[in-house]
Amino acid sequence: MCYKVVKMRIEPNSSQRRIIDHTIDYNRYIFNSLITANKLFFRKHSRLLSEFEMNNLCTILRRRWPCFRVMHSTTHNDVSRRVHQACMKCMDNAVSKKRRAVAKGVMSAEEPLPMTWPRYRNHNRYDSYAHLSNRDFGIVESTNGNGKMVRRLKLGKVKGTVRCYNQCTPITGIPKTCIVTRKDVGTHTEYYACISYESETVERIQPENPKAVGIDL
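Residue numbers for the sequence shown follow the working numbering, beginning at 30 and rising by one.
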């Protein structure tokens, strides 16, 4: 049993594209808000917010600001995970920096951590969101007029199904997560979906000549 990822380009219509863009932008607002919340909480309690606490903050923001209800609520969990990983990386760097400074005698052990924080994301530096459960997205297969199987994608609150390319790559297992990415190529914007699924079959590549021996020189 192993996990595999299939990347496919998707082609949403104008209304679907608007919802996807709003979801990415609103998740960026929440990302920046959670960084600020971690800064304020760390100054007062000398620790970072947990993912569970940040999920509760996302719920409060969703209730106060109706515009956040455009996106699926579970995408906030991915934002909390990203912020937590970024803040933990900054804290690890601060701990290592303080340890080296104390060893050199530049800083005393009682001084606070020289904490740095992740940068706020602008429009060009936040281009994706994730569905962490297959209850929030789905793969719809149907037959067209020529009798050919066509695969389309269902994404959260995006109305209807989204046209997708890469029809020939099979998805043989149960889909687990889906990451939707927006890419600006200058003249237009492209959208991609990366679907991870759990496959029970493991491909094993057998050598053409089992008796051959390779020697590295």
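The beta carbon of each residue, even a glycine, is placed where N, CA and C say it ideally should be.
For the set H105, S44, A138, E237, the Cα lying nearest the Cα of Y55 is the one of H105. For H160, the enclosing beta strand (DSSP E) begins and ends at 157-160. In the three-state reduction of the DSSP assignment, Y194 falls in the coil class, being assigned neither a helical nor a strand state.
The residue among R211, G202, D213, E237 with its C-alpha nearest the C-alpha of V34 is G202. According to the DSSP secondary-structure assignment, A222 is paired through a beta bridge with M37, V209.
Around I39, the same chain offers L182, V191, R192, C193, Y194, V209, Y220, Y221, A222 as residues with beta carbons nearer than 8 Å, after the five sequence neighbours per side are excluded. Rounded to the nearest angstrom, the gap between the Cα atoms of V214 and V135 is 48 Å. DSSP places L182 in the strand class (E or B) of the three-state scheme.
The stretch 79-89 makes no contact with the stretch 118-134; the number of CB pairs closer than 8 Å stays below 3. The stretch 91-154 is shown to contain whole alpha helix (DSSP H) runs of 4 or more residues at 104-133, in chain order.
Taking the Cβ atoms as the reference, E80 lies roughly 6 Å from R110, within the contact range of under 8 Å. Ranked by how close their Cα comes to the Cα of S228, the residues N238, K205, T145 have K205 in first place.
The three-state secondary structure of I200, taken from DSSP, is coil.
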